[in-house]
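Below is one structure; the comments refer to it alone.
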Amino acid sequence: MRISRIIKLIIIVAAATYLFQNPDKVTQGREWASEKVQQWAVLLDEKGDQYRSPEKTSTANNDTAVQEPNTHDATHLDGAVWAKKTLKVYFDVPADSMPEYSAAWRRAFDSWNAVDVLTLVAVADKSKADIVLTTEDRSDTQQAGVAQTQFLVNPLTGKRVMTHVEAKLNVHYLNYYSATRKANTAEHELGHALGLDHTADRESVMQTQGSEYGIQAVDINRLKALYQN
Ligand SMILES: [Zn+2]
């Protein structure tokens with residue numbers, strides 16, 4: 001009893017001495033601990049499906065317009081997947097003023113739903129959506145579309161869990177595309193939103209330039225592989 005108390009005391013004194021002599025370790029330790037606590041807090045909240053942490057945001061994709069030289073950035077989903085099989089989707093495109101974009105997203109939604117790996121459900125409340133499908137008009141980027149993905153990293157397993165995606169079609173480039181290529185781009189971005197990274201396969205909706213092909217068998221198989229368990 002007394003010996004264990006003495007041992008504890010020695011450990012505490014030794015630790016205090018060490019930290020006193022290495023003040024930077026105190027800061028590092030504090031930062032490490034607070035980071036872990038934050039990650040766990042986020043993970044715990046995530047189970048309740050309510051919390052979204054902006055500082056955990058990771059932008060996971062940039063797509064280049066096909067007219068431009070290939071400066072496509074690689075995606076960084078790195079195995080991030082949804083923890084659930086039913087996803088709420090909000091269409092944030094005015095169907096009356098932007099019918100082609102509304103139709104492109106609708107086709108992508110229907111096509112991925114038909115694949116029958118994940119179930120996509122349209123919701124009327126944007127704040128409840130897992131995935132928001134929208135547009136942007138940006139000339140300051142070379143991307144024809146983007147899927148901005150938020151995910152959490154489990155500090156123990158390193159596993160990434162997607163929590164929210166905002167997928168955008170850039171009208172600055174896509175206005176010059178056919179309806180088919182608009183829809184292919186929408187299928188590509190929604191593919192990212194479901195967890196698919198790019199592929200070197202040329203005949204794939206997830207090819208890096210992303211507008212020549214719609215969803216192919218290879219894409220369906222990759223999605224199945226991501227969610228089989
Ligand atoms: Zn892409």
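Going by full-length UniProt numbering, the sequence shown opens with residue 1, and the numbers climb by one from there.
All C-beta atoms in this analysis are idealised placements derived from N, C-alpha and C, irrespective of residue type, glycine included.
Only a predicted model underlies this, so the values are computations on that prediction, with no experimental measurement involved.
### Query
Within 10 angstroms of its Cβ, does V81 collect 16 or more other Cβ (buried), or is it exposed?
The count along the sequence shown starts at 1 and reaches residue 81 at position 81. Counting Cβ neighbours within 10 Å, V81 comes out buried, since at least 16 surround it.
### Query
A124 lies in the alpha helix (DSSP H); which residues open and close that run?
One-based indexing of the sequence shown puts residue 124 at position 124. Per DSSP, A124 lies in no alpha helix (DSSP H) and is assigned neither H nor E.
### Message
On the criterion of 16 or more Cβ atoms from any shown chain inside 10 Å, does D140 qualify as buried, or is it exposed?
### Response
In the sequence shown, residue 140 corresponds to position 140, counting from 1. D140 is exposed by the Cβ-count criterion.
### Message
Give me, in chain order, the residues of the same chain whose beta-carbon lies closer than 7 angstroms to that of L223; leave out the 5 immediate sequence neighbours on both sides.
### Response
Locating residue 223 in the sequence shown gives position 223, counting from the first residue. V115, V117, L194 and L196, listed in sequence order.
### Query
Any heavy atom of ligand 1 closer than 7 angstroms to the CB of H164?
Locating residue 164 in the sequence shown gives position 164, counting from the first residue. Answer for H164: no, Cβ out of range of ligand 1.
### Message
Restricting to Cα atoms, I'd like to know which of R181, Y173 and L190 is closest to V132.
### Response
Taking the sequence shown and counting its residues from 1, the one referred to as residue 132 is at position 132. The shortest C-alpha separation from V132 is found at L190.
### Query
In or out: Q142 buried (at least 16 other Cβ within 10 Å) or exposed?
Against the sequence shown, residue 142 aligns to sequence position 142. By the neighbour-count rule (16 or more Cβ atoms within 10 Å), Q142 is buried.
### Query
Hey, how far is the Cα of H164 from the Cα of T149?
Position 164 of the sequence shown, counting from 1, holds the residue named residue 164. Position 149 of the sequence shown, counting from 1, holds the residue named residue 149. Take the alpha-carbon of H164 and the one of T149: they are about 6 angstroms apart.
### Query
Between K88 and D130, is the Cβ-Cβ spacing less than 8 angstroms?
The residue given as residue 88 occupies position 88 in the sequence shown. The residue given as residue 130 occupies position 130 in the sequence shown. In this structure, D130 lies closer than 8 angstroms to K88 by Cβ.
### Beta-carbon proximity of A108 to A183, cut-off 8 angstroms
Along the sequence shown, one-based indexing puts residue 108 at 108. Along the sequence shown, one-based indexing puts residue 183 at 183. Yes; because the gap between Cβ atoms is below 8 angstroms, this pair is in contact.
### Task
Say yes only if the C-beta of H192 is nearer than 7 angstroms to one or more non-hydrogen atoms of ligand 1, and no if none qualify.
Against the sequence shown, residue 192 aligns to sequence position 192. Result yes, Cβ under 7 angstroms from ligand 1.
### Query
Counting only runs that start and end within the UniProt domain "Peptidase metallopeptidase" (78-229), where is the beta strand (DSSP E) found for 3 or more residues in a row?
Fully enclosed beta strand (DSSP E) runs of 3 or longer: 86-91, 119-122, 131-136, 145-153 and 160-170.
### Task
Give the straight-line distance between the Cα atoms of M162 and V153, rounded to the nearest whole angstrom.
Taking the first residue of the sequence shown as 1, we reach residue 162 at position 162. Taking the first residue of the sequence shown as 1, we reach residue 153 at position 153. Taking the Cα positions, M162 is about 9 angstroms away from V153.
### Query
So which of G79, N221 and L174 has the shortest CA-CA distance to Q209?
Locating residue 209 in the sequence shown gives position 209, where the first residue counts as 1. Residue L174 is the option with its Cα nearest to Q209.
### Query
What do you reckon, is the C-beta of H188 under 7 angstroms from a heavy atom of ligand 1?
Taking the sequence shown and counting its residues from 1, one reaches residue 188 at position 188. Within 7 angstroms of the C-beta of H188 there is at least one heavy atom belonging to ligand 1.
### Task
Assign N221 to one of two classes, buried (16 or more other C-beta atoms within 10 Å of its C-beta) or exposed (fewer than that).
Here residue 221 is taken as the residue at index 221 of the sequence shown, counted from 1. Its Cβ having fewer than 16 others within 10 Å, N221 is exposed.
### Query
What do you get for S97, buried or exposed, if any count of 16 or more other CB atoms within 10 angstroms of its CB means buried?
Within the sequence shown, the letter at position 97 stands for residue 97. It counts as exposed.
### Task
Leaving aside the five residues before and after V218 along the sequence, list all residues of the same chain whose C-beta is less than 6 angstroms from its C-beta, in chain order.
Sequence index remark: in the sequence shown, residue 218 carries index 218 (1-based). D201 and S204, listed in sequence order.
### Query
Is it buried or exposed for G145, if we count other Cβ within 10 angstroms and need 16 for buried?
Numbered from its first residue, the sequence shown carries residue 145 at position 145. Label assigned to G145: buried.
### Query
Is V93 near W105, with beta carbons less than 8 angstroms apart?
Start at 1 with the first residue of the sequence shown, and residue 93 comes out as number 93. Start at 1 with the first residue of the sequence shown, and residue 105 comes out as number 105. Contact: yes.
### Any non-hydrogen atom of ligand 1 closer than 7 angstroms to H172 Cβ
Here the question's residue 172 lines up with position 172 in the sequence shown. No, the Cβ of H172 stays beyond 7 angstroms of every heavy atom of ligand 1.
### Query
Using the rule of at least 16 other Cβ atoms within 10 Å of the residue's Cβ for burial, across every protein chain shown, is L77 buried or exposed?
Position 77 of the sequence shown, counted from the first residue, corresponds to residue 77. Looking at its Cβ environment, which holds 16 or more other Cβ atoms inside 10 Å, L77 is buried.
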